[in-house]
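*Asks:*
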Amino acid sequence: MENYIVEMLNITKKFPGIIANDNITLRLKKGEIHALLGENGAGKSTLMSVLFGLYRPEIGEIRKNGEIVKINNPNDANDLGIGMVHQHFKLVDIFTVLENIILGVEPNTMGFIQKKDARKKVVELSEKYGLRVDPDNLIENITVGMQQRVEILKMLYRDNEILIFDEPTAVLTPQEIKELLQIMKGFAEEGKSILFITHKLNEIMEVADRCTVLRKGKYIGTVDIKDSSKEELSRMMVGRDISFTVQKEKREPGEVVLSVRNLTVQSKNNKNNAVKNVSFDVRAGEIVCLAGIDGNGQTEFVHALTGLQKSTSGNINLMGNDITNASIRQRSINGMSHIPEDRHKHGLVLDYKLEENLVLQRYWEPEFQKGGFIKFDSVRKYSEGLIDKFDIRSGQGPITIARSMSGGNQQKAIIAREIDKKHELLVAVQPTRGLDVGAIEYVHKQLVQRRDEGKAVFLVSLELDEVMNVSDRILVIYEGEIVGELDPKKITVQELGLYMSGAKRDNIKENNNGE
Amino acid sequence: MANNNDITHSKKYNIKNITKSSAFSSFTAALMAIFLGMIFGFIIMLIAAPEKAVAGFRFVLLGGLKRIGDVFYFATPIIMTGLSVGFAFKMGLFNIGASGQYTMGMFFALYVGFMMDLPSGIHWIVAILAGILGGMIWGFIPGVFKALLNVNEVITSIMFNYIGMYLVDMMIQTNETMYISTMARTKYLPQSVQIPSLGIQGSNVNLGIIFAILIGIGLYMVLQKTTFGYELKATGYNKFAAEYAGMRVKTNIIITMVIAGGLAGLGGALAILAPSAIAGSSMTYEPINRIAAAGFNGIAVALLGSSHPIGIIFASIFISHIQRGGTLASLVGYKPEIIDVVIAVIIYFSAFAMIMNAGLARLLMKLVKHDDKVPNNTKGAE
Ligand SMILES: Nc1ncnc2c1ncn2[C@@H]1O[C@H](COP(=O)(O)OP(=O)(O)OP(=O)(O)O)[C@@H](O)[C@H]1O
Ligand SMILES: [Mg+2]
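If you're matching them up, the sequences are chains A and B in order. Using the numbering used here, read the first sequence as starting at 1 and increasing by one per residue. Using the numbering used here, read the second sequence as starting at 1001 and increasing by one per residue.
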């Protein structure tokens, strides 16, 4: 008989209107990396939250080293050596890195916090595992990547030996992902046991020993990765074959839809310019992708383009209208749709129902209001249509509170809303972040379909595969400047990488030296 | 095959949701908070005078029933300040300035009452409208500071409570038409500016309570049914998303503060323009340099009513009921000061319990099995 460090046996967890986990069994071996795979809403986060003591299952038991244990809250989990990095981090923004790490387990003498010892331990851990953090910086000032390292250090600081990672790679850059996977391997070699949720099959193939697949709350099976393939995994997960390449016909672009001239935007964090003198056009019927390593001005550029931030100088023209200083509503009326980068900050009102979120951009249109009164019937009908069409899964349909939805389905709701709204230009920032392979396939198809309908699509993505597969034209941004305009059919991923890292650059037509 | 989606698309979610709705749980939470407040009130009475405690507490609990007219009369201004605080709170603004707006409303109403000579059919109406205007101005200023300069509304509101109060006291004391310095109060208002009474014997209850309730219902409709309410709540929940959705967040902040101010100002007007049960007299204002308590009671009822307009109406009536009953407890020999303390304990402890409720509920939840709710603090619970 195998030796399992953790066994979750016949776990059932219900939420209003849905059985999130239906008789699921998962066994974790000591020292293995065990992947958990499943579509958006399959119940992965729920299962992990049960193990971490955030939810109590109606049925089922948990064993550690063969003994039945009761995990009623995260403290119990911690006492059993179980730690978790959540899909959406749970850090206190206005506390420092160090304070966040020791939160709840502050070493103290007679109630006075002894930060010195804590700091020593944190620095040691951070050096040992290559988890670079800046102990005294505030969480709100550090990158997502570093925030995640803080979450990992939190687990290590508590001497956890069973580590749960809920979609840790969804928010990371390719470089950071490489590092993280390396670190995870290191943990496993040391004998720590890891549960790893991800939608990226490549990552599973690379690091996992075994993989458990869930579908719509049910257990499908557990496979050894060395005897399996991407195709098999995705078939287990969605019940059909998935195509990993995007089908699209060649198409001649039409009229200019978006034209940006000499746009300069100040950085959010300091007085420097994050976007410098950027000029380009996007035409009807083409997908233009802004590629680059995270933090090279993409966020600021998109914010200036969509009106969330003011630009310093330059011009933005949409469908022949100068929208440089237009309000967000005006841009929307002029034909801009925007799938935002940060779905919790901008994309959703988490405490609103799903249906209320689905009309967030359109509640004021005559279709949904009359004389200032919202037409709830129309809202309901419209939402049910979108939920059907985009397969948005949740416990209670249109009246589900957005906060309770799975991360991927929250994203699907935003995509549905923005794609369905009348638009000429679709600004899509990391639209497939956190989506399962089936949903990604669907979203890519949707983007191509917009293009074929003669809409302009402006895609911002950190995923090289996505950049190469979906776009018709690639603009590379490096330190706020466009350093290359490339044809995805004519270049290799390696070449693209050179541009993105600043090792190579072209002189672009309108590029009249920024400084 | 799994059938999650079949469930998703069926219509049966409505029924099941009634007991799980937030309004329902707020209601039970409020009852629990009140219950705790009562216990503490009773403990204070026990400490003050053990032998009279039961009889005294009985008055506190039931005395109000004998003075139902007064209960409604005294509830009126609290409803208005409560609505003011609750409404602003829906947008994420803490209108601690309801007191100042209330005082301003009172002054504007008094001014129209004394200084303008209007036919009796419309005099009181104009005075009420003036009161609303006064409150609106006092809400507008913190609103502008918040929207345009990002100055925290709590700070400006507190300042404007003091500025409003001293300003009004000064203007009343220096106005000979309004003020009798020997009595240190305003003169009696002319009959024409007093709000028509509802005719309950020996009480001041008047049309004001009807207005207050209607306005509460109206606000409820605005919040639930209109695009303005939708924007307001969206901004309160997540102002970044509201901005992203093209809502005019800044304008809405100002409008919300103006409305909140108007509501509190109306409270002031309704309080001062009430008809007196004694013929030939009226309500009076005493410029004694004190911030009006109505504003703070408004915060308490807004908390107790979970910022829900209908909840606020009931919470105000409850508090007024306790206050009226409390005054009767002196019949069994309690000093008025003790009674004030007891009432304050009940009101504020209830409100406090409501704040703690989230934590309390979580605690209870842990004891009960089958907990289905997302704990409030684990956002996203992912
Ligand atoms: N706190 C909650 N209240 C109500 N329903 C919930 C809650 N948490 C999850 N659900 C529902 O349970 C189902 C499973 O959600 P879960 O978050 O476990 O999915 P997931 O597999 O992690 O998906 P994703 O890949 O999108 O993150 C979803 O339909 C979701 O709507
Ligand atoms: Mg999840």
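Quick reminder that beta carbons are idealized off the backbone N, C-alpha and C, glycines included.
For a quick check, are the C-beta atoms of residue 464/A and residue 174/A less than 8 Å apart?
*Replies:* yes
*Asks:* Can you list, in chain order, the residues of its chain whose CB lies under 6 Å from that of residue 93/A, leaving out five sequence neighbours each side?
*Replies:* 139, 140
*Asks:* Quick one: does residue 1226/B have its CB under 8 Å from some CB of chain A?
*Replies:* yes
*Asks:* Here's the rule I'm using: 16 or more other beta-carbon atoms within 10 Å means buried, otherwise exposed. How should residue 22/A be labelled?
*Replies:* buried
*Asks:* I need the straight-line Cα distance from residue 286/A to residue 325/A, nearest angstrom please.
*Replies:* 25 Å
*Asks:* Using a beta-carbon distance below 8 Å, is residue 1152/B in contact with chain A?
*Replies:* no
*Asks:* Which residues share a DSSP beta bridge with residue 336/A?
*Replies:* 425/A
*Asks:* Within 10 Å of its beta-carbon, does residue 1161/B have 16 or more other beta-carbons around it, so buried, or fewer, so exposed?
*Replies:* Looking at its Cβ environment, which holds 16 or more other Cβ atoms inside 10 Å, residue 1161/B is buried.
*Asks:* If residue 374/A sits next to residue 1226/B, beta carbons under 8 Å apart, how far is it from one beta carbon to the other, in whole angstroms?
*Replies:* 7 Å
*Asks:* Quick one: residues in its chain with C-beta nearer than 8 Å to the C-beta of residue 9/A, no 5 flanking neighbours on either side, listed in chain order?
*Replies:* 25, 60, 61, 62, 63
*Asks:* Let me see if you follow: with CB-CB separation under 8 Å, is residue 10/A close to chain B or not?
*Replies:* Interface annotation, residue 10/A: not in contact with chain B, CB-CB separation never under 8 Å.
*Asks:* Where does residue 535/A sit, in a helix, a strand or coil, going by DSSP?
*Replies:* Residue 535/A falls outside the range modelled here, since chain A spans only 1 to 515, and no answer is possible.
*Asks:* Pick from 305/A, 128/A, 273/A: whose alpha carbon is nearest that of residue 317/A?
*Replies:* 305/A
*Asks:* Exposed or buried, residue 215/A, counting other C-beta atoms within 10 Å across all chains shown (16 or more means buried)?
*Replies:* buried
*Asks:* Can you tell me which residues form a DSSP beta bridge with residue 108/A?
*Replies:* Residue 108/A is bridged to 113/A.
*Asks:* With 7 Å as the C-beta to C-beta threshold (strictly closer), list the residues of the stretch 1115–1131 of chain B near chain A in chain order.
*Replies:* none
*Asks:* Beta-carbon separation of residue 88/A and residue 208/A under 8 Å?
*Replies:* Not closer than 8 Å, so no.
*Asks:* With a 10 Å radius around its C-beta and 16 neighbouring C-beta atoms as the bar for buried, classify residue 240/A as buried or exposed.
*Replies:* exposed
*Asks:* How would you call residue 14/A, buried or exposed, if buried means at least 16 neighbouring beta carbons within 10 angstroms?
*Replies:* The residue in question, residue 14/A, is buried, as its Cβ has 16 or more Cβ neighbours within 10 Å.
*Asks:* Taking residue 148/A as the reference, give the member of 233/A, 105/A, 97/A with the closest Cα.
*Replies:* Nearest C-alpha to residue 148/A among 233/A, 105/A, 97/A: 97/A.
*Asks:* Smallest Cα separation from residue 380/A: which of 404/A, 355/A, 402/A?
*Replies:* 355/A
*Asks:* Do residue 459/A and residue 417/A come within 8 Å of each other at the CB atom, strictly closer than that value?
*Replies:* no
*Asks:* By the three-class DSSP mapping on this structure, what secondary structure does residue 1073/B have?
*Replies:* helix
*Asks:* Between the alpha carbons of residue 1242/B and residue 1233/B, how many angstroms are there, rounded?
*Replies:* One Cα belongs to residue 1242/B, the other to residue 1233/B, and the distance between them is close to 9 Å.
*Asks:* What are the complete beta strand (DSSP E) segments, minimum 3 residues, inside the stretch 294–333 of chain A?
*Replies:* 313–318
*Asks:* Within 7 Å: the Cβ of residue 15/A and any heavy atom of ligand 1?
*Replies:* yes
*Asks:* Can you list every residue whose CB sits closer than 7 Å to some heavy atom of ligand 2, going in chain order?
*Replies:* This criterion selects 44/A, 45/A, 87/A, 166/A, 167/A, 197/A, 406/A, 407/A, 408/A, 1382/B.
*Asks:* By DSSP, does residue 359/A sit in helix, in strand, or in coil?
*Replies:* coil
*Asks:* Hey, residue 1236/B and residue 1092/B are a contact pair by Cβ (cut 8 Å); roughly how many whole angstroms apart?
*Replies:* With a Cβ gap of about 4 Å, residue 1236/B and residue 1092/B count as contacting.
*Asks:* Which runs of the alpha helix (DSSP H), 4 residues or longer, sit entirely within the stretch 1229–1302 of chain B?
*Replies:* 1239–1244, 1249–1272
*Asks:* Kindly list the residues whose CB is nearer than 6 Å to the CB of residue 170/A, restricted to its own chain and excluding five residues on each side of it in sequence; keep chain order.
*Replies:* 433, 434
*Asks:* Suppose you measure from the CA of residue 1057/B to the CA of residue 1314/B; what does that come to, to the nearest Å?
*Replies:* Distance between the alpha carbons of residue 1057/B and residue 1314/B is about 21 Å.
*Asks:* State the DSSP-derived secondary structure class of residue 21/A, mapped to helix, strand or coil.
*Replies:* Three-state result, residue 21/A: strand.
*Asks:* Pick helix, strand or coil for residue 1217/B, following the three-state DSSP scheme.
*Replies:* helix
*Asks:* Per DSSP, which one or two residues make a beta bridge with residue 494/A?
*Replies:* Under DSSP, residue 494/A takes part in no beta bridge, so it has no partner.
*Asks:* If we ignore side chains and look at the alpha-carbon of each, how far apart do residue 51/A and residue 77/A end up?
*Replies:* For the pair residue 51/A and residue 77/A, the Cα-to-Cα distance works out to about 7 Å.
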